[in-house]
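Only one structure is covered here, and it is reproduced in the block below.
There are 2 protein chains.
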Amino acid sequence: MIEQTERFSEGQSLPWQDVLNTLKFNEDGLIPAIAQQHDTGEVLMMAWMNRESLNETLETKQVCYWSRSRQKLWRKGESSGQQQKLIELRIDCDGDTLLLLVDQWGAACHTGRRNCFYNVIQGDRVVVNSNPLVDPDILYGKS
Amino acid sequence: MIEQTERFSEGQSLPWQDVLNTLKFNEDGLIPAIAQQHDTGEVLMMAWMNRESLNETLETKQVCYWSRSRQKLWRKGESSGQQQKLIELRIDCDGDTLLLLVDQWGAACHTGRRNCFYNVIQGDRVVVNSNPLVDPDILYGKS
Chain A
406 MIEQTERFSE GQSLPWQDVL NTLKFNEDGL IPAIAQQHDT GEVLMMAWMN
456 RESLNETLET KQVCYWSRSR QKLWRKGESS GQQQKLIELR IDCDGDTLLL
506 LVDQWGAACH TGRRNCFYNV IQGDRVVVNS NPLVDPDILY GKS
Chain B
406 MIEQTERFSE GQSLPWQDVL NTLKFNEDGL IPAIAQQHDT GEVLMMAWMN
456 RESLNETLET KQVCYWSRSR QKLWRKGESS GQQQKLIELR IDCDGDTLLL
506 LVDQWGAACH TGRRNCFYNV IQGDRVVVNS NPLVDPDILY GKS
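These protein sequence lines are chains A and B, in that order.
Take 406 as the starting number for the first sequence in this note's numbering and just add one per residue.
Take 406 as the starting number for the second sequence in this note's numbering and just add one per residue.
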């Protein structure tokens, strides 16, 4: 179904439920989701969604992922308070990747940094390009 | 190794080769790579890299992915001419996702659109939000 949109012009549309049924979840039932701060364009993180977390995100407008390590729904910010409000959800040309435009409260990264992509390759070194906004021990109630 | 950087301050660094050895490629030897236009912040596409394509990208500064459908190196733009020049490569906190800041020539998407995320959920519809910059039949020499 999503392939139909290849030849669509701006403004043409399909019913969401029809598109949902053609999204390409992987063998674990997951699809990658990129979170981007809606107003600054900053790429905050990449995580995974299953169909349930995608539906919940669209219903509540609070971003919910699937945690592969914990094997459960991961309501972003449920333990840290650093929630993501969904502004807009986009699907790519192949129907196998999502782009979430969000409004991120505080730090998106579990290290307490604003975004997860803080390791920058510079020549033969990997350099950390930012400091945490908040100590992760405080974020997760360990101190 | 990448986990060490969690507690690093801005400016601290590790040797690239040590970090490379701890990147988390999946069971197919692949890692997701998000391409973002370096100056505008536009998220262009998401694709996959293996170790060979990552090394080539860093060496040549021309982005090279691994094509899962064709099972071969995919030098972005090799058939369409729509190349991506690598400006900066970043690694996320978990070492399992890459962010490529690139300078995209023309269209990143195989549909001829600037970016792949042109399907926008609006209520119960999925609406196409952009037109191709160039006809894909021209891009791929079919007409």
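In this text, a Cβ means the ideal position worked out from N, Cα and C, and glycines have one as well.
Taking a C-beta distance under 7 Å as the contact criterion, S458 of chain B and Y470 of chain B qualify as a contact pair. For W510 of chain B, no beta strand (DSSP E) run applies, since DSSP gives it neither H nor E. CA-CA distance, R530 of chain A to D444 of chain B, rounds to 23 Å. Three or more beta-carbon pairs separated by less than 8 Å link the region 503 to 513 of chain A to the region 422 to 439 of chain A, which places the two stretches in contact. Bounds of any alpha helix (DSSP H) do not take in V539 of chain A, whose DSSP letter is neither H nor E. The region 480 to 498 of chain A makes contact with the region 518 to 537 of chain B: 3 or more CB pairs, one atom from each, lie closer than 8 Å. Look at L494 of chain A here: in three-state DSSP terms it is strand. Annotation for S472 of chain B: the continuous beta strand (DSSP E) segment containing it runs C469 to S472. Using a Cβ-Cβ cut-off of 7 Å, R519 of chain B does not count as an interface residue toward chain A, since no Cβ of chain A sits closer than that to its own. Between the alpha carbons of T427 of chain A and G500 of chain A lies a distance of about 7 Å. Residue environment analysis places G482 of chain B among the buried positions, since at least 16 neighbouring C-beta atoms fall within 10 angstroms of its C-beta.
Interface criterion not met: the Cβ of V507 of chain A is under 7 Å from no Cβ in chain B. Note that the C-beta distance between G446 of chain A and G446 of chain B is below 7 Å. Per the C-alpha coordinates, the member of A:L449, A:W453 and A:Q487 positioned closest to S474 of chain A is A:W453. As the crow flies, the alpha-carbon of V424 of chain B is around 30 Å from that of Q487 of chain B.
Listed along chain B are M450, M451, C514, N520, C521, F522, Y523 and N524, each with a C-beta nearer than 9 Å to that of D497 of chain A. For the region 422 to 436 of chain B, the residues whose beta carbon sits under 7 Å from a beta carbon of chain A are, in order, V424.
Close to chain B, meaning a Cβ-Cβ distance shorter than 8 Å, are the following residues of the region 463 to 496 of chain A: L463, E493, L494, R495 and I496. Secondary structure of L435 of chain A (DSSP, three-state): coil. The C-beta of E415 of chain A comes closer than 7 Å to at least one C-beta of chain B. Per DSSP, reduced to three states, the secondary structure at S458 of chain B is helical. For V533 of chain B, the nearest beta carbon of chain A is closer than 7 Å to its own beta carbon. Interface annotation, S418 of chain B: in contact with chain A, CB-CB separation under 7 Å. Taking CB atoms only, G511 of chain B has no neighbour in chain A less than 7 Å away.
Per DSSP, the unbroken alpha helix (DSSP H) holding L425 of chain A starts and ends at W421 to L425.
Not flagged as an interface residue toward chain B: R456 of chain A, since no C-beta distance is shorter than 7 Å. The alpha-carbon separation between R518 of chain B and E411 of chain A amounts to approximately 9 Å. Listed along the chain, the chain A residues whose CB falls inside 8 Å of the CB of N536 of chain B are S414 and E415.
Around the CB of I543 of chain B, fewer than 16 other CB atoms lie within 10 Å, so the residue is classed as exposed.
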